[in-house]
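Trainee: With my numbering, the residue at position 368 of the sequence shown is 358, and numbering never jumps.
Every residue gets a Cβ at the ideal spot worked out from N, C-alpha and C, and that includes glycine.
Dropping a structure here in structure tokens format, bear with me for questions.
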Amino acid sequence: MKTIIEPFKIKSVEPIRFTTPEDREAILRTACFNPFLIHADDVLIDLLTDSGTSAMSAKQWAGIMDGDEAYAGSRSFFRFEAAVRNLTGFKHIIPTHQGRAAEKILFTIVGGKGKYIPNNTHFDTTRANIEFSGAEAFDFQTEEGKRPDFIADFKGNMNIPALEEFIKKVGPANIPLCLITVTNNSGGGQPVSMANIRETKRVLEHYAIPLFLDACRFAENAYFIKTREPGYATKSAEEIAREMFSYADGCTMSAKKDALVNMGGFLALNDDTIALNARNLLIVTEGFTTYGGLAGRDLEAIAQGLEEVLDEHYLTYRIRSVGYLGEKLVAGGVPIVEPPGGHAIYLDAKRFAAHIPPHQYPGQAIVCELYRAGGIRSVEIGSVMFGKYDADGKLIPPPMELVRLAIPRRVYTQSHIDYVIEVVLDVFARRMDLRGLKITEEAPILRHFTAKFALI
Ligand code: F0G
């Protein structure tokens, strides 16, 4: 087979700024060892997130010029609404400025004290919005999904027996809805099978609990189903995506991922009462129902992006380029979550820096060294992001300590990725020199964004 190439030509470029190791040492200290506090101009290859970092196509930029900025009833809204409805089949399509705004609105309505929201794995903002409403968020990852070194096709799956046990324990009346996150971002970017979505829906239906998809990476998940799940090889990614949505009663979406835009999101659902309440809240918090916190031009770009993301040349390139990074790291002995996920490679910090215990944040130590060594920005997904404290103030670590190298869509070429591979291999070779960190300042929720650290 020939090399899978980037299925685009580059029409507009953005220079990246080179720094020296000495510069980066100083920058890292100024940022208190937190990559969120580093200026983007000081980053060479930015793998902090795949969210809002996509390169838009010429057609999306044309849509930006064509956007209708009418306050009410904008033509761009109707194009957006048609694109989302065509894909998801949902009755009510509510634009929001990003995914978490859709979450905030949804959980303000269905959440609250005494309510429980299960998910395969909640993303941090989803969990935070649920908890902020007074409800409780629960993760139901499969056992194989929790094991970074275990190779399986659908490690993002919902643990259905555990979910059902939970429903019986807390009572279906206290579960306003159940989420499935595709792909499972916090669980390593791993896909969820169609069989698992279908079966989850079957169980939920028995208890009259609606199923919602956290759909930000729906196209990547659809491509994994096409290439890995029996019976889907001859179906198009679009047909597969439609089938995924057909089992759900609604979805939250961050368009900053698989709609290939820099800003945007939506809440889409069938329930008339929730939709009515959501639109009322939208007007108070986001904007009128036909723009919801976005400009008309953003709605155009989302509509166009939803079409482009399902192009199979794009998806083949996308999944292959992430897989390429993963395979080269594995070949160099670097422990990662296997197999490679859809939007990111997750280094397994527990094995990478085995000499640093969870309460000294091994993932954060690796994040800092990747920046120092090569100007690469990544993010810790472990005890910094998800750690809690017990009554005595002792850290309760999450099951995994990971470092995410998220790949922006259509932004970096193969030689950028080859450079990343060289830097990770270099840091891995010197891993015994890595030092743990302690937190010197932190916020009560979502602390990873602003926490300050010091070297131990
Ligand atoms: N759900 C998932 C699974 C996500 O990955 C994100 C964002 C959101 C919801 C919230 O969407 O950012 O538009 O408000 N994930 C980004 C990331 C930030 O880096 O993984 P948002």
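Under 8 Å between the Cβ atoms of P138 and V374?
Mentor: no
Trainee: Indicate whether the contact test is met: 3 or more Cβ pairs, each with one atom in the segment 72 to 86 and one in the segment 270 to 281, closer than 8 Å.
Mentor: yes
Trainee: Do D31 and R14 have their C-beta atoms within less than 8 Å of each other?
Mentor: no
Trainee: Buried or exposed, going by whether 16 or more other CB atoms sit within 10 Å of the CB of Y3?
Mentor: As written in the sequence, residue 3 is Val, which differs from the Tyr given in the question. Under this definition V3 is an exposed residue.
Trainee: Write down the C-beta distance between I54 and R287 rounded to the nearest angstrom, noting that I regard them as a contact closer than 8 Å.
Mentor: 4 Å
Trainee: For L337, count neighbouring Cβ atoms within 10 angstroms of its own Cβ and tell me buried if that reaches 16, exposed if not.
Mentor: buried
Trainee: Just the Cα atoms here: how many angstroms apart are A48 and G79?
Mentor: 28 Å
Trainee: Quick one: what does DSSP say K49 is sitting in, helix, strand or coil?
Mentor: It is helical.
Trainee: Under 7 Å from any heavy atom of ligand 1, does the C-beta of A30 make it?
Mentor: no
Trainee: When you compare each of F140, F144, A198 to G161 by their alpha carbons, which one comes out closest?
Mentor: When only C-alpha atoms are compared, the closest one is A198.
Trainee: Comparing alpha-carbon positions, which option in E71, Q50, F(-2), L37 lies nearest Y281?
Mentor: E71
Trainee: When the Cα of A118 is compared with those of A433, C206, L445, which residue comes out closest?
Mentor: A433
Trainee: Could you compute how far the alpha carbon of V299 sits from the alpha carbon of H345?
Mentor: Cα-Cα distance, rounded: 41 Å.
Trainee: Near E219, what residues of its chain come up, given a Cβ to Cβ distance below 8 Å and the 5 sequence neighbours on each side ignored?
Mentor: Cβ within range, chain order: D143, F144, S183, M184, A185.
Trainee: On the criterion of 16 or more Cβ atoms from any shown chain inside 10 Å, does A52 qualify as buried, or is it exposed?
Mentor: Exposed: under 16 other Cβ atoms inside 10 Å.
Trainee: In chain order, which beta strand (DSSP E) runs of at least 3 residues are fully inside the segment 395 to 444?
Mentor: 427 to 431
Trainee: What three-state label does DSSP hand L34 in the structure shown?
Mentor: coil
Trainee: Please give the ranges of any beta strand (DSSP E) in the segment 107 to 163, keeping only runs that are unbroken, at least 3 residues long and fully inside the region.
Mentor: 126 to 129
Trainee: For V393, which three-state DSSP category applies?
Mentor: strand
Trainee: I'd like to confirm something about N270: is its beta-carbon nearer than 7 Å to some heavy atom of ligand 1, or not?
Mentor: no
Trainee: Does the beta-carbon distance from G332 to V312 come in below 8 Å?
Mentor: yes
Trainee: Suppose the cutoff is 8 Å on Cβ atoms and the five residues either side in sequence are ignored; what does the same chain contact list for T9 look like?
Mentor: I17, D32, L34, G365
Trainee: Regarding A396 and ligand 1, is the C-beta to nearest heavy atom distance less than 7 Å?
Mentor: yes
Trainee: Where in the segment 363 to 388 do unbroken runs of the beta strand (DSSP E), each at least 3 residues long, occur, reported from the N-terminal end onward?
Mentor: 369 to 371
Trainee: Please state if the CB of R399 and the CB of D40 are separated by a distance shorter than 8 Å.
Mentor: With contacts defined by Cβ atoms closer than 8 Å, D40 and R399 form a contacting pair.
Trainee: Between I178 and F342, what straight-line distance do the alpha-carbon atoms span, to the nearest angstrom?
Mentor: Reading the sequence as shown, one finds Gly at residue 178 and not Ile. Going from the Cα of G178 to the Cα of F342 covers about 16 Å.
Trainee: Span of the beta strand (DSSP E) holding I264?
Mentor: Taken as a continuous stretch (DSSP letters only), I264 belongs to no beta strand (DSSP E), being part of the alpha helix (DSSP H) at 262 to 275.
Trainee: Compare the C-alpha of N109 against each of A205, Q50, I264, F128 and name the closest.
Mentor: Restricting attention to A205, Q50, I264, F128, the CA atom closest to the CA of N109 is found in F128.
Trainee: For T20 and F26, what's the separation of their Cα atoms in angstroms?
Mentor: 12 Å
Trainee: What three-state label does DSSP hand Q294 in the structure shown?
Mentor: helix
Trainee: If you count every other CB in all the chains shown that lies within 10 Å of the CB of K191, and 16 or more means buried, which is it?
Mentor: buried
Trainee: In this structure, does DSSP put Q88 in helix, strand or coil?
Mentor: coil
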